[in-house]
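One structure is given here, and the rest of the page talks about it.
Protein chains: 2
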Amino acid sequence: MLEPSLDLYGRAFDEAENLLKDLVAKSRARYALIIDLKGFVLMHARALWAPVPPSLDSFATLVASNYSANRAIAQLFGEDGFQELVQQGNQVGTFIEGLGDQALPVTVYDDSANLGRIKFITRETAAEVRRLIDEHTGDAPAFSLGEGWSGEVDSLLDSLFGKRGDS
Amino acid sequence: MLEPSLDLYGRAFDEAENLLKDLVAKSRARYALIIDLKGFVLMHARALWAPVPPSLDSFATLVASNYSANRAIAQLFGEDGFQELVQQGNQVGTFIEGLGDQALPVTVYDDSANLGRIKFITRETAAEVRRLIDEHTGDAPAFSLGEGWSGEVDSLLDSLFGKRGDS
């Protein structure tokens, strides 16, 4: 099954989400996302004033596939990958920064923001999120089926196939 | 057959190539290319001091496919396409500017260049190349087989199948 390559849980997730909210507030960006290289949205924040965003899942998928193509271009020039990517449209732009091998912080802005500021704050946030990921990777809550599980499965199987021993 | 979507001939081609050479000299870029959206290199220039470039055909193919993905991202935000794209690596960066629907000027630079200057001069050059394309599209030299052609083909066919009338 295709699953996100990176998960933050509990307090670490809340902290990272707060960092994104701060980024949006401080930089006057429209949206800020952290996506993984498979194209999953790991977390996102939106400015109160920003229009309803397009499908963030589609956006993340396109950005992630685009990033892989970018890496191929960088490698032609002997680079590991590009550290930064700016896509500038008439009104909307995106700034993407490499966050190790796992995740990409993506900031979407319009002409009410200053690109220099967007870059600076996104980089700062990326460094903090990187720290969080390094500290908390492997924090996944232990998977436990709970005490009642075994009995419930027995009942379900019994109802489907008849009580064992009946046949 | 897959063919470049855009051709400049004769004097117009020379003029465009000179514009690229000027761009490289003025901006201290390593290489400057004009590629079409199918990934063909239409023309290119290289600074005297720049290292031998990687395969420009591969580069153009990657940039063109990347550009289409970029356009999809831009359209999510209601933009026609991104006007500018900056990919910044550790040492090498690329600046790509949209040139109408047909071609992309691509400038590859390293840390000996100033990005602001690269952008400014690439934009200027793009505008001049756009003018050339608009003026000279459809200038393809008339295709003519020459006077000797018919006789040569006759001889060739004769040597392959025997002189007609012999059989």
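First to last, the protein sequences are chains W and L. Just so you know, we're using the working numbering here: the first sequence kicks off at 4 and counts up by one. Just so you know, we're using the working numbering here: the second sequence kicks off at 4 and counts up by one. By construction, the Cβ of each residue, glycine as well, lies at the ideal position given by its N, Cα and C atoms.
Hey, out of the options, whose CA is closest to residue i's CA?
| i | options | result |
| --- | --- | --- |
| E47(L) | D17(L), L79(L) and K122(L) | It should be pointed out that residue 47(L) corresponds to His in this sequence rather than to Glu. It is D17(L). |
| L51(W) | D25(W), N73(W) and E138(W) | D25(W) |
| N117(L) | S30(L), A15(L) and A67(L) | S30(L) |
| G13(W) | F164(W), S162(W), L135(W) and L163(W) | L135(W) |
| T97(L) | F85(L), Q105(L), K122(L) and D161(L) | K122(L) |
| T140(W) | V95(W), D161(W) and Q105(W) | Q105(W) |
| A15(L) | G84(L), E127(L), G81(L) and E138(L) | E138(L) |
| L59(W) | G119(W), A129(W) and L45(W) | L45(W) |
| L107(L) | G154(L), A130(L) and R120(L) | A130(L) |
| L65(L) | L11(L), F43(L) and G119(L) | F43(L) |
| T125(W) | S158(W), S162(W), L163(W) and Q86(W) | Q86(W) |
| A53(W) | V27(W), S61(W), N69(W) and Y70(W) | V27(W) |
Just checking: is the beta-carbon of residue i within a distance shorter than 8 Å of some beta-carbon in chain L?
| i | result |
| --- | --- |
| F80(W) | yes |
| F62(W) | yes |
| I38(W) | no |
| P108(W) | no |
| V27(W) | no |
| V89(W) | yes |
| V95(W) | yes |
| G42(W) | no |
| G92(W) | yes |
Are the CB atoms of residue i and residue j nearer to each other than 8 Å?
| i | j | result |
| --- | --- | --- |
| V111(L) | A19(L) | no |
| A72(L) | K41(L) | no |
| L36(W) | V109(W) | yes |
| A63(L) | I38(L) | yes |
| G114(W) | R33(W) | The sequence shown places Asp at residue 114(W), rather than the Gly named in the question. Cβ atoms of D114(W) and R33(W): not closer than 8 Å. |
| E82(L) | Q94(W) | yes |
| P56(L) | R49(L) | yes |
| G101(L) | G119(L) | no |
Report yes or no: is there a C-beta of chain W within less than 8 Å of the C-beta of residue i?
| i | result |
| --- | --- |
| E155(L) | no |
| S170(L) | Note that S170(L) scores a pLDDT of 47, beneath 50, so its modelled location is shaky; the value from the coordinates is reported in the next line. Closer than 8 Å: no. |
| F85(L) | yes |
| A72(L) | yes |
| V66(L) | yes |
| A77(L) | yes |
| N69(L) | yes |
What does DSSP give as the partner residue(s) for residue i in the beta ladder?
| i | result |
| --- | --- |
| Y112(W) | G96(W) |
| L36(L) | H47(L) and V109(L) |
| E87(W) | E100(W) and Q91(L) |
contact_flag[the segment 64 to 81 of chain W, the segment 89 to 96 of chain L] where n(CB pairs < 8 Å) is 3 or more: yes
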